[in-house]
Amino acid sequence: MKSNLGTKIKNVKIVLTDVDGTLTDGGMYYSSKGDTMKKFYVRDGMAVNILRRNGIFTVLVTKEKSDIVKKWAKKMNVRKIHEGITNKEKILPRICKEYRVKPEQIVYIGDDINDIGLMKAVGISVAPADAWKKTRQTADFVTNATGGNGVLREVTDLILENKNRI
Numbered sequence: 000m001k002s003n004l005g006t007k008i009k010n011v012k013i014v015l016t017d018v019d020g021t022l023t024d025g026g027m028y029y030s031s032k033g034d035t036m037k038k039f040y041v042r043d044g045m046a047v048n049i050l051r052r053n054g055i056f057t058v059l060v061t062k063e064k065s066d067i068v069k070k071w072a073k074k075m076n077v078r079k080i081h082e083g084i085t086n087k088e089k090i091l092p093r094i095c096k097e098y099r100v101k102p103e104q105i106v107y108i109g110d111d112i113n114d115i116g117l118m119k120a121v122g123i124s125v126a127p128a129d130a131w132k133k134t135r136q137t138a139d140f141v142t143n144a145t146g147g148n149g150v151l152r153e154v155t156d157l158i159l160e161n162k163n164r165i
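With numbering that gives the first Met the number 0 applied, the sequence shown corresponds to residues 0 to 165, in that order.
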């Protein structure tokens, strides 16, 4: 954890997160009929609702377009999904305008090379324990949790602890 993280995290208004490799383990499961499945961690879903109750929105930013992700997001009350985004840092001005926040009030959770641009542009960047090496090196904070195993919940707890809400 970088030394000024506690101070920066007190101003967080929004959490952006990638999906595959952060909210999921990055695996794609296929049935013999061609059905695709992804596993989400139930405590990450609870984290979305805990954040919302504390006035912090959760927004998904993903390269994929997936009905599975849309269903999970709807069930968990995710504020918005930005899907099919290949240059993720380009979405930042739109998010800042839409939510009336500054980049330094945003946490972004990413796990791979396509996340690094956005990680560098926000106030706090986070990577799961099993993220790609350069992504972990870029991050302000690396979780103990691996992708799909409570990354968002760990970040939520960190935010609320620093805001003295837990």
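Ideal Cβ positions, reconstructed from N, Cα and C, are used throughout, including at glycine. Bear in mind that the values here come from a model prediction, so they are computed numbers and not experimental data.
Might you give, ordered along the chain, the residues of its own chain that have their beta carbon closer than 7 Å to the beta carbon of N143, omitting 5 neighbours on each side?
A128 and E153
Would you list, in sequence order, the uninterrupted beta strand (DSSP E) runs of no fewer than 3 residues that lie entirely inside the segment 71-134?
79-82, 105-108 and 123-126
Among G146, K7, L157 and I13, whose alpha-carbon lies nearest the alpha-carbon of K79?
I13
Along the chain, where does the alpha helix (DSSP H) that runs through I8 open and close?
L4 to I8
State yes or no: is the C-beta of T85 within less than 8 Å of the C-beta of K64?
no
Which residues mark the beginning and the end of the beta strand (DSSP E) in which L15 is found?
I13 to T16
Among V58, K70 and V141, the one whose alpha carbon lies nearest that of R93
V58
Since I believe T155 is in contact with L50 (beta carbons under 8 Å), could you give me their beta-carbon distance rounded to a whole number of angstroms?
6 Å
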